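Reminder that position 64 of the sequence shown reads as 64 in our numbering, one-by-one numbering, no gaps.
Using N, Cα and C, we set each Cβ at its ideal position, and we do this for glycine too.
Bear in mind that the values here come from a model prediction, so they are computed numbers and not experimental data.
Comments concern the structure below.
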Amino acid sequence: MKTSKFADDSLTLHTDLYQINMAESYWADGIHDRKAVFELYFRKLPFGNGYAIFAGLERMLDYLRDFQFSESDIAYLRELGYKEDFLSYLQTVRFTGTVHSMVEGELAFANEPLVRVEAPLVEAQLIETAILNIVNFQTLIATKASRIKQVTADEVCMEFGSRRAQEMDAAIWGARAAIIGGFASTSNVRAGKLFGIPTAGTHAHALVQAYKSDYDAFHSYAKRHKDCVFLVDTYNTLKSGVPTAIQVAKELGDKINFIGIRLDSGDIAFLSKEARKMLDEAGFPNAKIIVSNDLDEYTILNLKAQGARVDIWGIGTKLITAYDQPALGAVYKMVSIENEHGKMEDTIKISANAEKVSTPGLKNVYRIIDKETGKSEGDYVTMADETPQNETRIKMFHPVHTFVSKFVTNFEAKNLHVKVIDNGEFVYESPSLFEMQQYAYNNLNVLWDEYKRSLNPEEYPVDLSQKCWDNKMRNIEEARQMVEQLEQ
Ligand SMILES: Nc1ncnc2c1ncn2[C@@H]1O[C@H](COP(=O)(O)OP(=O)(O)OP(=O)(O)O)[C@@H](O)[C@H]1O
Ligand SMILES: O=P(O)(O)OC[C@H]1O[C@H](OP(=O)(O)OP(=O)(O)O)[C@H](O)[C@@H]1O
Ligand SMILES: O=C(O)c1cccnc1
Numbered sequence: 001m002k003t004s005k006f007a008d009d010s011l012t013l014h015t016d017l018y019q020i021n022m023a024e025s026y027w028a029d030g031i032h033d034r035k036a037v038f039e040l041y042f043r044k045l046p047f048g049n050g051y052a053i054f055a056g057l058e059r060m061l062d063y064l065r066d067f068q069f070s071e072s073d074i075a076y077l078r079e080l081g082y083k084e085d086f087l088s089y090l091q092t093v094r095f096t097g098t099v100h101s102m103v104e105g106e107l108a109f110a111n112e113p114l115v116r117v118e119a120p121l122v123e124a125q126l127i128e129t130a131i132l133n134i135v136n137f138q139t140l141i142a143t144k145a146s147r148i149k150q151v152t153a154d155e156v157c158m159e160f161g162s163r164r165a166q167e168m169d170a171a172i173w174g175a176r177a178a179i180i181g182g183f184a185s186t187s188n189v190r191a192g193k194l195f196g197i198p199t200a201g202t203h204a205h206a207l208v209q210a211y212k213s214d215y216d217a218f219h220s221y222a223k224r225h226k227d228c229v230f231l232v233d234t235y236n237t238l239k240s241g242v243p244t245a246i247q248v249a250k251e252l253g254d255k256i257n258f259i260g261i262r263l264d265s266g267d268i269a270f271l272s273k274e275a276r277k278m279l280d281e282a283g284f285p286n287a288k289i290i291v292s293n294d295l296d297e298y299t300i301l302n303l304k305a306q307g308a309r310v311d312i313w314g315i316g317t318k319l320i321t322a323y324d325q326p327a328l329g330a331v332y333k334m335v336s337i338e339n340e341h342g343k344m345e346d347t348i349k350i351s352a353n354a355e356k357v358s359t360p361g362l363k364n365v366y367r368i369i370d371k372e373t374g375k376s377e378g379d380y381v382t383m384a385d386e387t388p389q390n391e392t393r394i395k396m397f398h399p400v401h402t403f404v405s406k407f408v409t410n411f412e413a414k415n416l417h418v419k420v421i422d423n424g425e426f427v428y429e430s431p432s433l434f435e436m437q438q439y440a441y442n443n444l445n446v447l448w449d450e451y452k453r454s455l456n457p458e459e460y461p462v463d464l465s466q467k468c469w470d471n472k473m474r475n476i477e478e479a480r481q482m483v484e485q486l487e488q
């Protein structure tokens with residue numbers, strides 16, 4: 001088989017150059033093996049949505065399992081000028097840390113740890129770029145897909161985005177994320193092969209153009225394909241496309257499974273209503289109307305308000321490119337590091353913007369679910385040694401506006417982190433993508449509706465425990481004193 005000029009034998013160099021440069025400093029100073037804790041989180045929900053759907057764990061684990069500089073990686077680093085002693089060391093590096101993570105399909109919110117990495121400093125540092133890359137993209141697309149699903153409700157959504165995705169990797173990993181967010185299928189055949197997800201599709205205008213008539217194209221398609229969806233808008237939707245689809249379906253009867261038609265241009269509300277009438281009158285009340293053409297949650301909501309008669313939505317560009325917000329800004333910050341005496345010390349990143357000040361220390365995050373309503377009261381970030389699941393009453397307060405607080409009783413505290421790697425041992429088995437989808441769906445039932453509306457949702461509380469808050473204040477004060485001493 002022909003090999004691609006761009007095939008690579010490792011993903012380990014999928015990192016920013018500065019990570020390798022920092023790794024070299026750590027190694028040269030002998031601090032590379034100090035234990036460090038990093039957390040991955042975002043500060044703002046994407047699309048103005050009320051929640052995000054966490055995705056990307058399975059690929060992250062795959063990447064970490066294979067984390068090892070290949071010979072060609074080392075040869076390339078040699079070309080860049082790195083010295084032999086450091087290169088020999090890099091050849092020995094593997095991922096040996098412990099990772100806790102949300103599982104895919106978990107609801108995630110701003111300023112809570114999605115992933116927590118405890119590892120020798122050099123390892124935790126080198127993996128930053130790749131794991132942010134994976135989680136940022138897949139979480140973004142799963143969230144966009146979920147937003148779209150919120151408006152399409154029980155109607156089926158098909159993912160059609162490959163041709164418009166930001167290159168090939170984005171097409172397939174985006175297709176995967178779309179399934180987690182609630183989509184039923186992808187048009188990308190490689191995504192189907194790699195992830196075992198359903199592939200589905202219709203046909204393009206080219207087919208009709210090639211046969212020069214709707215009639216010949218539909219007949220020809222039906223010769224080789226039992227399941228038929230005919231694209232009806234190449235010449236004239238209501239005068240040619242729909243009547244011809246009906247004619248061919250009648251002529252072929254049981255020889256085909258006439259699933260329906262696809263509309264891809266014009267006034268979708270009007271055309272879908274007219275097409276529905278024509279299909280019903282012709283005796284095809286079960287024929288589906290599939291639509292596509294630059295759709296997203298806004299156009300779909302609007303089309304529904306106009307009474308569009310659509311059974312299946314085909315969605316490409318605006319989903320796969322996260323058109324209205326092309327990046328999720330998750331960051332990866334150090335929260336604790338071992339000192340020269342072998343003791344863990346918390347670290348903080350100060351910012352003039354209160355919301356950007358990191359929350360130091362090894363932490364957990366819990367979802368506090370009211371036992372009576374079954375609904376979530378908010379997420380609760382604690383220090384790792386706290387056990388809210390054993391408490392009967394907790395105080396939750398806003399991490400910035402601390403005067404906003406509440407006491408909660410009669411709750412279940414669900415730990416949102418699962419240990420996925422234990423000292424280099426991979427201990428987590430990913431469920432299937434449809435299990436992840438179902439998990440996301442079940443999680444959404446725990447949210448009050450006001451957090452789920454696509455426009456101006458209420459802000460879901462992500463609160464700190466008292467201990468976490470006190471620790472943060474202590475760290476801020478220490479940082480302040482350190483700067484003051486420097487100023488003197
Ligand atoms: N009834 C409708 N209300 C609101 N938006 C609609 C309606 N019908 C279609 N749209 C959306 O309008 C957008 C633009 O459609 P437009 O009419 O420009 O393209 P088109 O008819 O597909 O033309 P072309 O033949 O060039 O593809 C698309 O995003 C489409 O989904
Ligand atoms: O509109 P999107 O949400 O991005 O969905 C994918 C689009 O890709 C196809 O169009 P294209 O014009 O590329 O090819 P076609 O000839 O099959 O219509 C398809 O008809 C959809 O309109
Ligand atoms: O199968 C389809 O109808 C399809 C696939 C990709 C893009 N647009 C449509």
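Am I right that Tyr460 and Tyr51 are in contact with their C-beta atoms under 8 Å? What's the rounded C-beta distance? 7 Å
Taking 6 Å as the limit between beta carbons, can you name the residues of its chain near Ala142, skipping five residues before and five after? The beta carbon of Ala142 sits closer than 6 Å to those of Ile53, Ala55, Ala177, Ile180 and Gly181, all from its chain and outside the five residues before and after it, given in chain order.
Which runs of the beta strand (DSSP E) fall wholly inside the region 274 to 331 and span at least 3 residues, in chain order? 288 to 291 and 312 to 315
In DSSP terms, what Pro120 is bridged to: Lys35
Applying the criterion that 16 or more other CB atoms from any shown protein chain within 10 Å of the CB defines a buried residue, is Tyr18 buried or exposed? exposed
To the nearest angstrom, how far is the alpha carbon of Gln166 from that of Ile172? Going from the Cα of Gln166 to the Cα of Ile172 covers about 10 Å.
Keeping to the same chain, check which residues put their C-beta closer than 6 Å to that of Val232; ignore five residues upstream and five downstream. The answer, listed in chain order, is Gly241, Val242, Ala245 and Ile261.
Look up Tyr428 in the DSSP assignment and say whether it is helix, strand or coil. In the structure shown, Tyr428 sits in coil (DSSP, three-state: anything other than H, G, I, E or B).
Complete beta strand (DSSP E) runs within the region 405 to 454 (minimum length 3 residues, chain order): 405 to 409, 411 to 415 and 418 to 422
Please output, in chain order, the residues near ligand 3 using a CB cut-off of less than 5 Å to any non-hydrogen atom of the ligand. Phe160, Ser187, Gly201 and Thr202
For Trp448, would you say it is in contact with chain D, using Cβ-to-Cβ distances shorter than 7 Å as the test? In the structure shown, chain D does not exist; there is a single protein chain.
Fully enclosed by the region 192 to 249, which alpha helix (DSSP H) runs are 4 residues long or longer? Within the region 192 to 249, the alpha helix (DSSP H) runs of at least 4 residues that lie entirely inside it are, in chain order, 205 to 211 and 214 to 224.
Would you kindly work out how many angstroms separate the C-alpha atoms of Asn293 and Val151, rounded to a whole number? 17 Å
Reducing DSSP to helix, strand and coil, say where Tyr89 ends up. helix
What would DSSP say about Ala142, mapped onto helix, strand or coil? helix
Which one or two residues does DSSP pair with Asp346 in a beta bridge? Under DSSP, Asp346 takes part in a beta bridge, and its partners are Ser336.
Strictly by DSSP, which residues pair up with Lys1? The question names Lys, yet the displayed sequence has Met at residue 1. Per DSSP, none; premise fails for Met1.
What does Cys157 pair with, by DSSP beta-bridge criteria? Trp313
Residue from Ile289, Val365 and His219 whose Cα sits closest to the Cα of Arg309: Comparing Cα-Cα distances from Arg309 to each of Ile289, Val365 and His219, the minimum goes to Ile289.
Could you tell me the distance, in whole angstroms, from the CA atom of Lys452 to the CA atom of Asn49? 8 Å
Classification of Phe42 by the beta-carbon crowding that lies within 10 angstroms, buried from 16 upward: buried
At which residues does the alpha helix (DSSP H) containing Ser72 begin and terminate? Glu71 to Glu79
Would you say the beta carbon of Asn236 is closer than 6 Å to some non-hydrogen atom of ligand 2? Because no heavy atom of ligand 2 lies under 6 Å away, the Cβ of Asn236 does not count as near it: no.
Could you spell out the range, first to last residue, of the alpha helix (DSSP H) harbouring Ser25? Looking at the DSSP string, the run of the alpha helix (DSSP H) that includes Ser25 is Leu17 to Ala28.
What do you reckon, is the C-beta of Thr152 under 6 Å from a heavy atom of ligand 1? no
Is there at least one non-hydrogen atom of ligand 1 closer than 6 Å to the beta-carbon of His302? The amino acid occupying residue 302 in the given sequence is Asn; His does not appear at that position. The answer is yes for Asn302.
Among Leu486, Lys419, Met436 and Arg367, the one whose alpha carbon lies nearest that of Leu464: Arg367
Locate the alpha helix (DSSP H) running through Val483, then write down its first and last residues. Gln466 to Glu487
Is Asp233 near ligand 2, going by C-beta to nearest heavy atom under 6 Å? For ligand 2, not one heavy atom lies less than 6 Å from the Cβ of Asp233.
The alpha helix (DSSP H) with Glu377 in it runs from where to where? Counting along the chain, Glu377 falls outside any alpha helix (DSSP H), though it belongs to the beta strand (DSSP E) covering Ser376 to Met383.
Check for me: the alpha helix (DSSP H) holding Leu263 runs from which residue to which? From DSSP, Leu263 is part of no alpha helix (DSSP H) but of the beta strand (DSSP E) over Asn257 to Leu263.
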